[in-house]
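K.L.:
Take the sequence shown: its letter number 26 is residue 1076 in my numbering, and every next letter is one higher.
Don't be surprised by glycine CBs; every beta carbon is placed ideally from N, CA and C.
Please read through the structure below; I'll follow up with questions.
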Amino acid sequence: HQLGELALVEASLGYTFRDRDILLQALTHTSYPRAYSSVNSSYEQLEFLGDALLDYLVTRHVLQRFPRLSPGAITDLRSAVVNNYSLACLTIQRDFHKHMRSMSMALFKVVRRFVRRLSEIEEKETRPDQLLLTTVEDGRGGEAIEVPKVLGDLFEALLGALYVDCGRDEELAWSVIYPLLTPIIEHYSVHLPISPTRQLVEMMPGAATFTCLSQNVIGHHACELVVKGYGRFMGTGRNAQIARSTAAQHALARIKSKQKK
């Protein structure tokens, strides 16, 4: 059964592992008991390696492919490709999440909620690759769609495992993941994203004041935003940057709504 699952992951990734133990490690969450596992470690180290490698490979590609982009545009494009939302969508599209080994019911719950939310979005779209390209905005409850960090981590861990398994061959690793990333890169190279925080600051220079608050009881960060003439906005998220971005999204929505009237 386990070998069959690993073969499905390999088929989705487009790479056959020489050492399947390292693939198994990449799929093992920290909540999975060691007593039940044939590997001694979770995916944490592989995720750390994959994160750094992905950042480097995508940055290198963007610099080579778009040499005339400004440093700010390069940063925005790279961030759009490697952010947790893009990677989480890839993980779900390729069904990698179905093979993650975890004993955390809370984790499964948040992943299922995110998968359902993406399905709702996908049903409204006509393009087959739109799942990857939808913005992370949702006004319900004062929070952006909460993207489970574990999904992005899983993709990065698989890249880290692939890199180790192939003898640390950067070009081979890139040849495997580039086809997976191509729709995102192509889309954002045409529709260059700008972070909500930067959009707000550029639209309302000197009018926006952010105050990051302490973490709440479930470990989320909160951020209060005051925009002169438009009021107060709250954002929450798993880190301060996401909280600021969420607050900025709500402010932009109100500003644009008022400007249309």
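Is DSSP giving Phe1146 helix, strand or coil here?
P.N.:
helix
K.L.:
Give the C-beta separation of Ala1211 and Ile1305 to the nearest angstrom, bearing in mind that I take them to be a contact with Cβ-Cβ under 8 angstroms.
P.N.:
Not confirmed; about 45 angstroms, so no contact.
K.L.:
Can you tell me whether DSSP reads Asp1161 as helix, strand or coil?
P.N.:
Residue identity differs from the one stated: residue 1161 is Val in this sequence, not Asp. In the three-state DSSP reduction, Val1161 falls in the helix class (H, G or I).
K.L.:
Note down, in chain order, each residue of its chain lying with its Cβ closer than 8 angstroms to the Cβ of Lys1308, except the 5 sequence neighbours on either side.
P.N.:
Tyr1280
K.L.:
What is the rounded straight-line gap between the Cα of Glu1055 and the Cα of Val1251?
P.N.:
47 angstroms
K.L.:
Quick check: the region 1218-1238 against the region 1098-1116, are there 3 or more CB pairs under 8 angstroms?
P.N.:
yes
K.L.:
Span of the alpha helix (DSSP H) holding Phe1098?
P.N.:
1094-1115
K.L.:
On the premise that Leu1063 lies in contact with Leu1208, defined as a C-beta separation below 8 angstroms, what is that separation, rounded to the nearest angstrom?
P.N.:
The beta-carbon distance between Leu1208 and Leu1063, rounded to whole angstroms, is 6 angstroms. This is short enough to meet the 8 angstroms contact definition.
K.L.:
Would you kindly check if the distance between the Cβ of Leu1140 and the Cβ of Leu1230 is under 9 angstroms?
P.N.:
yes
K.L.:
Closest to Phe1158 by CA distance: which of Leu1201, Asp1215, Arg1294, Ser1120 is it?
P.N.:
Answer by Cα proximity: Leu1201.
K.L.:
Here's the rule I'm using: 16 or more other beta-carbon atoms within 10 Å means buried, otherwise exposed. How should Lys1134 be labelled?
P.N.:
In the sequence on display, residue 1134 carries Asn and not Lys. Buried, because 16 or more other Cβ atoms sit within 10 Å of the Cβ of Asn1134.
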